[in-house]
Structures are given as C-alpha cells and as structure tokens.
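For any residue, its number in our numbering is found by taking its place in the sequence shown, counting from 1, and adding 4.
Even glycine gets a Cβ: it sits at the ideal position worked out from N, Cα and C.
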Amino acid sequence: YALSLSGVKILGAVAPIGGTALMIGWGCLAIAALSLKY
C-alpha cells in the first residue's frame, strides 16, 4: 500500500523482498509443524 499511495520508487524494489520473506516464513512454519513428534 505504501508504494501505491506515496509513489516512492525505491519501495518498488523492496516489495519483492517482503513477499519472499513471507513465503520463507510460511515454509519454515510448515516444516516445523510437520517435524513435530507427538
């Protein structure tokens, strides 16, 4: 949202990093959940 509202061009280069971090975080959560021993 900050990119579309402010028009600051540098945010366009930062946005994909956040998306990648989000996917890595979900992947780590899934791996941790699958490796739990009951």
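Put residue i into one of helix, strand or coil per three-state DSSP.
i: L33; result: helix
i: L7; result: helix
i: V18; result: helix
i: L40; result: coil
Consider the C-beta atom of residue i and the heavy atoms of the ligand SAH; say whether any pair is separated by less than 6 Å.
i: K13; result: Questions concerning the ligand SAH fall outside what the structure shown contains, since it holds no ligand whatsoever.
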